[in-house]
Every structure is written in C-alpha cells, then in structure tokens.
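In case it helps, this note's numbering puts the sequence shown at residues 108 to 761. Note that CB positions come from ideal geometry on N, CA and C, so glycine has one too.
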Amino acid sequence: MVVFRKKYGISELNFPLIPEKPGISTYKSFNLRNAGTDYGHTRIRDGFLQRVMIKENVGIMGYEPALVFLNGEYWGEYQIREKQDERYIESNYGIPTDKVDILTHKGSLRILAGSNTSFYKMYDYVMDTDAKSTDFYTNVGKMLDMENFADYFIAEIYFNNKDWIKPTGGVNNIKLWNSQLPGGKWNYLLWDMDMSCGLYNGSPSTNNLSAIMHPDNGNIHTDLFGKILKNPEFRDYYVNRFADLINTVFQYDSLTKIAYPMRDSISSSMQRHQEKWGGSLDLWNTAIDKMMGWAFNRNDHIRAHIESEFGLTKQVEITLATSPPEAGRIMINSITPKSNPWTGIYYDGVPVTISAIPNPGFTFKNWGINNNVINEDSNESIKLNITSSDIFTAYYTGSAIEPKVTFSEINYHSALQNDAGDWVEVHNYDNISINLSGWHLKDSGTDLFKIPFGTIIPPNGYVVFSSDTQKFKNQHPFVSNFVGQLPFNLSNYGEQISLLDYDYKQVLSVTYSNKYLWPREADGRGFTLELLNLRNSLDLGTNWFAGCPGGSPGYAYNLKCRTNIKEDEAQNSLQVKIFPNPSEDIIKIKILSFEGNLSDIYFSLYDFTGNEIKKISSLNIDEIIISRAEFPPGIYFVKIGNEKYFIGEKIIFH
108 MVVFRKKYGI SELNFPLIPE KPGISTYKSF NLRNAGTDYG HTRIRDGFLQ RVMIKENVGI
168 MGYEPALVFL NGEYWGEYQI REKQDERYIE SNYGIPTDKV DILTHKGSLR ILAGSNTSFY
228 KMYDYVMDTD AKSTDFYTNV GKMLDMENFA DYFIAEIYFN NKDWIKPTGG VNNIKLWNSQ
288 LPGGKWNYLL WDMDMSCGLY NGSPSTNNLS AIMHPDNGNI HTDLFGKILK NPEFRDYYVN
348 RFADLINTVF QYDSLTKIAY PMRDSISSSM QRHQEKWGGS LDLWNTAIDK MMGWAFNRND
408 HIRAHIESEF GLTKQVEITL ATSPPEAGRI MINSITPKSN PWTGIYYDGV PVTISAIPNP
468 GFTFKNWGIN NNVINEDSNE SIKLNITSSD IFTAYYTGSA IEPKVTFSEI NYHSALQNDA
528 GDWVEVHNYD NISINLSGWH LKDSGTDLFK IPFGTIIPPN GYVVFSSDTQ KFKNQHPFVS
588 NFVGQLPFNL SNYGEQISLL DYDYKQVLSV TYSNKYLWPR EADGRGFTLE LLNLRNSLDL
648 GTNWFAGCPG GSPGYAYNLK CRTNIKEDEA QNSLQVKIFP NPSEDIIKIK ILSFEGNLSD
708 IYFSLYDFTG NEIKKISSLN IDEIIISRAE FPPGIYFVKI GNEKYFIGEK IIFH
C-alpha cells in the first residue's frame with residue numbers, strides 16, 4: 108500500500124490515477140498490487156472481473172496497470188487499485204468518512220469503521236420475520252440495498268469465486284458498508300476475485316449456486332441470501348436480473364471487449380517483468396486463453412443451474428424489435444438492449460416485464476407478438492409469463508427530434524435547518540414530452556442512477572432527481588414531480604453531473620462549484636443554483652444565480668419568491684415597489700416595509716447573462732434609483748433582501 112504523508116512531501120495526491128474513475132482525483136492512499144493469487148497467471152483477472160461490473164449495482168475497485176521502479180531499479184508490472192476504506196466510500200459515494208460503517212469477513216466478521224449495530228439489526232429482522240409476509244420485502248429494502256445484494260451474489264456465483272464462501276464453511280474476502288446518514292442501507296463490495304473463472308481447477312460447469320443456496324455449513328451471508336430468496340418478489344427479481352446480466356455483460360463478446368484490451372495494455376511489459384521475476388509469455392497467453400475459454404462455456408451451465416435450483420419449467424427465447432427501427436427501444440426487466448432486434452434467454456415460470464420507450468419525437472402505438480397486433484390500446488409496459496419463444500414488437504408513430512433538455516436547478520448544499528437533501532432539476536424546454544426512461548444520471552464518481560420507466564417530462568416541464576426523498580418531501584410537500592433515490596450525494600465543493608441516454612452517451616453535463624463566480628448563497632445558506640440562460644454554457648458560474656430560499660423544484664423560477672422554508676413570518680416582511688417598469692428613463696425601487704434595519708438589506712443588479720453589474724451591500728435609504736443613462740437597453744434582474752429572504756424582479760429599459 109502507498110500512503111501519502113506530509114512529512115514525506117505531500118499529504119495527498121491530487122491526480123486522477125485510475126482513468127476508469129475520472130471523477131476521483133484525490134488519493135490519501137492506494138494499493139499497489141502484484142495480482143495476488145493470479146500473480147503467475149493472467150495478472151488481470153480481478154481487475155477484469157470487477158471492470159465487467161463497473162456499471163452495475165455493486166462497488167468495484169478501480170484498476171490501472173503500472174510499471175514500478177524502486178530508487179531507479181525496475182521492479183515489475185503491478186496494478187494500482189483503490190483501497191476500500193472510509194475515503195473510498197467518500198470518493199465513490201459522497202458519504203463523509205465519519206458517517207460510514209465498514210465490515211469485513213475474513214474468517215470472522217470484523218469492524219473496519221463505525222459499528223456493526225445496524226447490520227445485526229437488519230440480520231435479526233430478516234431471520235425473525237416470515238419472508239412471505241406483506242411488508243418483508245419493503246422493510247428489508249430500507250436496511251439492505253436489494254439491487255446491490257442481488258448483483259453481488261450474482262457476480263460472485265457466476266464467476267465462481269473459490270476464495271469467497273467455501274463449501275467447507277469458510278468465509279473470506281467479503282466487505283460491506285453502510286451510510287450512517289438517514290436512509291442508509293448496507294451494500295456489498297467486490298473484493299479480491301483472483302480465484303475465479305477457472306483458476307485452480309474451477310470448471311465452468313460447477314454448480315456453486317446450489318452450494319450457496321444450500322450450504323453444508325452456513326454463515327450470516329448465506330443465511331441472508333437463503334432467507335430473502337424465500338420472498339417471491341425478490342426471488343423473481345433475482346432470477347430475472349441474473350438472466351438480464353447473462354444476456355448482456357456476461358455474453359462472451361462483451362467479456363472479450365474488456366479482457367483483451369486489458370491484456371494488450373500490459374503485453375509489451377510482460378517480457379521485461381518475466382525477466383525480472385520468472386515465467387514465460389507462452390504461459391501467460393495460455394492463462395488468458397484458459398480464463399476466456401472458461402467464460403465461453405459458462406453461460407449454458409449457469410442457465411441450467413438457475414432452471415434447476417429454482418424449479419423452473421424451461422428456458423425460452425424472447426426477441427424484441429421496434430418498428431420503425433429508429434423509433435425507440437424496449438426495456439426488459441432491468442436492461443435496455445442496444446441492438447434491434449435483440450434476443451435473450453429467460454424462464455417459463457418467472458414473469459418478465461417488457462416496456463416500450465419511444466425516442467424523442469415518437470409515440471408508442473401498440474404491441475405485436477409474433478407479428479400479430481395485440482390491440483390498439485395496449486399499455487407501454489406489460490408483465491407476463493413467457494411459455495414459448497416469442498417475438499415482441501413495439502410499434503411507434505412520429506419522427507425523430509433532438510431532445511431539448513437542460514439542468515435548470517441544483518441544490519448541492521442545503522442549510523442545516525432546512526435540509527432537503529441534494530437534488531438536481533432537469534427542464535424540458537420543448538413543446539412535446541420527453542421520455543427519460545432508461546436514461547442515467549451520473550456524478551463525478553462511478554455512480555449511475557438508472558431513471559425509472561415512466562419518467563416523462565411534459566412540454567416545458569420539469570422533473571427533480573433527489574438523493575433523499577423523505578427530506579425532499581418534508582421541505583417541499585406540494586412538489587410531486589420528483590424521482591429518487593439517487594445513489595450519490597452532490598459534493599459541497601462542486602463536481603460534474605451528467606445526463607446520459609440509454610446507451611450511456613452524454614446528453615448534457617454541468618460542472619458546478621462553490622468557488623468565485625458561483626453564487627455563494629447556494630453554499631449552505633438556504634438557496635439553490637438557478638439557471639439564468641439555457642443557451643449559455645452550464646459550466647459558467649455567471650450563468651447561475653441564487654434563486655428562492657429553498658429553491659423552486661419542479662417548476663419554473665418565480666421572481667416573486669414564495670418559500671417553502673419554515674421561517675418566522677417577521678423575517679418575510681420585506682415589501683418592495685418597483686416603478687415605472689418598463690422605463691425609458693429611470694426606475695425607482697421603494698422599500699415599503701421591512702421589520703428590521705435597512706443596513707441589513709443588500710441590493711444587486713444583474714444583466715441578462717448573469718453578471719452582477721451593480722451592488723449595494725448595505726442600504727441607508729429606503730429608495731434606490733436606477734438610471735437608463737448607466738445601462739444600455741435590455742432586460743435586467745434585481746435582487747433585494749438579506750441572507751434569509753429576498754425579492755427578485757425583472758426590469759426592462761427601452
């Protein structure tokens with residue numbers, strides 16, 4: 108492990124060490140790994156398998172190969188890997204280092220940070236409650252991230268990690284974490300998967316799903332897995348999610364697109380490394396071939412294991428197509444396939460959900476099954492058990508358009524007394540609806556939020572994405588057009604937020620900051636960032652202004668702020684008259700009433716691009732006169748108020 112300390116030069120490294128995680132550019136430490144158990148074999152196995160899961164619902168350690176020199180002497184090819192500690196959680200998930208619990212299981216369950224209290228509370232509830240009871244799935248989901256739980260057990264089982272939960276009862280290389288903040292849930296992390304994909308005689312036909320579902324010597328993790336699988340809703344989700352991943356990221360072609368570039372990135376270094384430490388290029392290439400041969404043969408076996416262990420009738424092929432081809436996509440369960448048509452394998456006995464998602468400019472019309480129209484009034488989303496191999500076609504009408512969406516408001520640092528959680532607003536400034544189903548929101552780290560099916564922004568409408576829906580509802584009880592929860596918080600210091608389409612292509616992004624030129628009132632003082640001009644760059648601090656107290660989530664900014672923030676009425680007693688407006692000469696701003704000192708009032712004037720062009724920090728008179736002679740004709744914005752409340756108005760000089 109490499110640790111940075113001030114007495115040796117720097118206390119932290121400010122550099123994006125790992126390109127696959129470009130949003131992380133500060134490191135107090137990192138692991139310099141020699142490939143562990145895979146040392147004399149592929150040397151990429153753990154990094155490869157974790158990279159396969161980078162866009163899924165499980166935490167992974169970033170990977171980047173490096174040539175190491177000690178005092179100028181060549182020391183070989185190593186791997187830069189993240190250290191999964193409190194700072195890892197902070198940099199990847201935005202949780203403060205002092206607000207996280209981390210547990211590890213290597214022989215026994217140990218505390219690395221925080222405590223294990225909430226873990227055992229969750230464990231006891233699961234084990235003491237009937238899995239088929241009405242509230243079981245909902246209540247467990249409040250303590251354990253169910254999507255993460257499913258993906259974690261899918262990955263470990265699919266790749267047949269032999270140094271994880273062992274048939275003999277041993278437990279190794281398990282790490283999980285929980286946020287102590289309200290709404291925190293336990294999440295598992297992938298950690299040390301060297302002994303996977305056939306290393307040390309692991310056959311692709313090994314039925315380790317059975318070994319985990321029916322262990323000879325169980326443990327707390329298999330206890331949780333086995334009990335939660337008894338819940339019908341989770342059982343169906345797990346089977347379908349397993350099938351979704353086999354049909355996409357576990358496809359051999361998908362795996363080769365990750366493995367072979369990783370192989371090629373170190374191939375030129377291997378001869379020198381082997382001259383230093385032994386080995387041969389032939390043996391190294393053979394190890395890569397064996398690993399990929401295992402991957403080539405795994406899917407047929409694991410599909411049969413799922414069918415057998417869950418008592419399913421048979422496997423069925425489902426083909427999805429759209430007409431016309433460019434009109435939209437089809438989402439099946441948790442995935443939105445890229446190709447059209449597309450075929451995947453699922454199970455008779457577990458219903459699948461198939462949803463039509465029109466591209467911008469198109470409208471869903473109806474479904475067809477095996478070229479037979481169901482009916483003209485069929486729903487965009489259908490759930491049914493498939494008993495034979497069928498072709499589903501979604502028919503659309505319309506024509507393609509470019510989506511006209513933008514980030515319009517950001518709440519990245521609430522005031523402590525009025526904490527609404529972090530949220531970001533997206534505005535559709537077109538005169539037709541935009542369907543964001545299957546798109547993604549992303550922060551500077553690796554976190555992705557898949558926008559749920561049915562998220563549609565009406566013409567000239569708004570939708571809010573919240574990191575804490577309960578806090579948001581508490582502060583904005585009358586706002587209904589919000590979606591959550593985001594798996595990340597927004598940095599108090601600034602970061603990039605991106606909106607990606609279903610194919611992970613960036614549609615728009617904003618990089619905000621709490622530094623100079625960005626409105627300081629939005630940095631923990633109760634205000635939000637409001638977009639001034641959607642035609643200007645979102646990355647310009649001058650294109651944002653501090654909006655209403657608490658913001659205006661879900662609707663357009665109103666210059667006459669009506670706050671949802673719970674304040675004393677006396678603080679909201681400012682009344683102002685602005686006249687004449689518009690004007691060709693002068694505009695007067697008259698303070699009619701204010702329960703306080705005028706010296707507490709500030710005045711700011713902004714041009715249409717958001718530049719502050721006039722400011723009075725402390726008033727000493729109750730009337731301000733703005734002369735047309737000072738400014739060219741145009742639209743301007745006036746802000747007058749104090750730290751807790753202000754009034755905004757648009758003024759016009761002809």
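Reference residue i, options the options, closest by Cα
{"i": "residue 408", "options": "641, 596, 266", "result": "266"}
{"i": "residue 316", "options": "283, 307, 284, 269", "result": "269"}
{"i": "residue 468", "options": "462, 475, 540, 355", "result": "540"}
{"i": "residue 648", "options": "656, 687, 639", "result": "639"}
{"i": "residue 387", "options": "242, 284, 449, 148", "result": "148"}
{"i": "residue 688", "options": "254, 696, 706", "result": "696"}
{"i": "residue 429", "options": "621, 500, 384, 336", "result": "500"}
{"i": "residue 546", "options": "560, 537, 453, 475", "result": "560"}
{"i": "residue 700", "options": "521, 681, 448, 709", "result": "681"}
{"i": "residue 384", "options": "141, 727, 361", "result": "141"}
{"i": "residue 562", "options": "581, 537, 588, 584", "result": "588"}
Same chain, Cβ closer than 6 Å to residue i, neighbours up to 5 away in sequence not counted
{"i": "residue 614", "result": "606, 608"}
{"i": "residue 554", "result": "594, 595"}
{"i": "residue 167", "result": "157, 160, 161, 297"}
{"i": "residue 288", "result": "206"}
{"i": "residue 112", "result": "none"}
{"i": "residue 426", "result": "448, 450, 498"}
Endpoints, beta strand (DSSP E) assigned at residue i
{"i": "residue 222", "result": "Premise fails: residue 222 is in no beta strand (DSSP E) and is neither H nor E."}
{"i": "residue 519", "result": "Run containing residue 519: none; DSSP gives neither H nor E here."}
{"i": "residue 435", "result": "435–439"}
{"i": "residue 284", "result": "281–286"}
{"i": "residue 497", "result": "497–505"}
{"i": "residue 747", "result": "741–748"}
{"i": "residue 712", "result": "709–713"}
{"i": "residue 299", "result": "Where residue 299 is concerned, there is no enclosing beta strand (DSSP E), given that its DSSP letter is neither H nor E."}
Proximal residues to residue i (C-beta, below 7 Å), its chain only, five neighbours per side dropped
{"i": "residue 244", "result": "338, 340, 341"}
{"i": "residue 372", "result": "172"}
{"i": "residue 763", "result": "With the chain covering 108 to 761 only, the question about residue 763 has no answer from this structure."}
{"i": "residue 416", "result": "316, 317, 320"}
{"i": "residue 486", "result": "none"}
{"i": "residue 394", "result": "148, 149"}
{"i": "residue 441", "result": "348, 351"}
{"i": "residue 506", "result": "468"}
{"i": "residue 238", "result": "334, 335, 337, 338"}
Residue i: first and last residue of the uninterrupted alpha helix (DSSP H) it sits in
{"i": "residue 550", "result": "From DSSP, residue 550 is part of no alpha helix (DSSP H); its letter is neither H nor E."}
{"i": "residue 392", "result": "388–416"}
{"i": "residue 442", "result": "Where residue 442 is concerned, there is no enclosing alpha helix (DSSP H), given that its DSSP letter is neither H nor E."}
Residues near residue i in its chain [Cβ-Cβ closer than 8 Å; skip 5 each side]
{"i": "residue 122", "result": "132, 134"}
Distance, residue j Cα to residue i Cα
{"i": "residue 356", "j": "residue 365", "result": "10 Å"}
{"i": "residue 153", "j": "residue 262", "result": "12 Å"}
{"i": "residue 397", "j": "residue 190", "result": "29 Å"}
{"i": "residue 612", "j": "residue 729", "result": "53 Å"}
{"i": "residue 165", "j": "residue 706", "result": "54 Å"}
{"i": "residue 323", "j": "residue 274", "result": "7 Å"}
{"i": "residue 630", "j": "residue 748", "result": "17 Å"}
{"i": "residue 704", "j": "residue 726", "result": "9 Å"}
{"i": "residue 146", "j": "residue 391", "result": "10 Å"}
{"i": "residue 686", "j": "residue 628", "result": "27 Å"}
{"i": "residue 670", "j": "residue 360", "result": "Any reading at residue 670 must be qualified, since the residue scores a pLDDT of 41, below 50, and its modelled position is unreliable; the value itself is stated next. So the two alpha carbons sit approximately 54 Å from each other."}
{"i": "residue 552", "j": "residue 129", "result": "7 Å"}
As assigned by DSSP and simplified to three states, the class of residue i
{"i": "residue 455", "result": "strand"}
{"i": "residue 692", "result": "coil"}
{"i": "residue 513", "result": "strand"}
{"i": "residue 368", "result": "helix"}
{"i": "residue 263", "result": "helix"}
{"i": "residue 173", "result": "strand"}
{"i": "residue 238", "result": "coil"}
{"i": "residue 245", "result": "helix"}
{"i": "residue 233", "result": "helix"}
{"i": "residue 200", "result": "helix"}
{"i": "residue 317", "result": "helix"}
{"i": "residue 671", "result": "The predicted model places residue 671 with a pLDDT of 40, which falls under 50 and marks its position as unreliable, so this point remains unresolved."}
{"i": "residue 449", "result": "strand"}
{"i": "residue 156", "result": "helix"}
{"i": "residue 428", "result": "strand"}
{"i": "residue 644", "result": "coil"}
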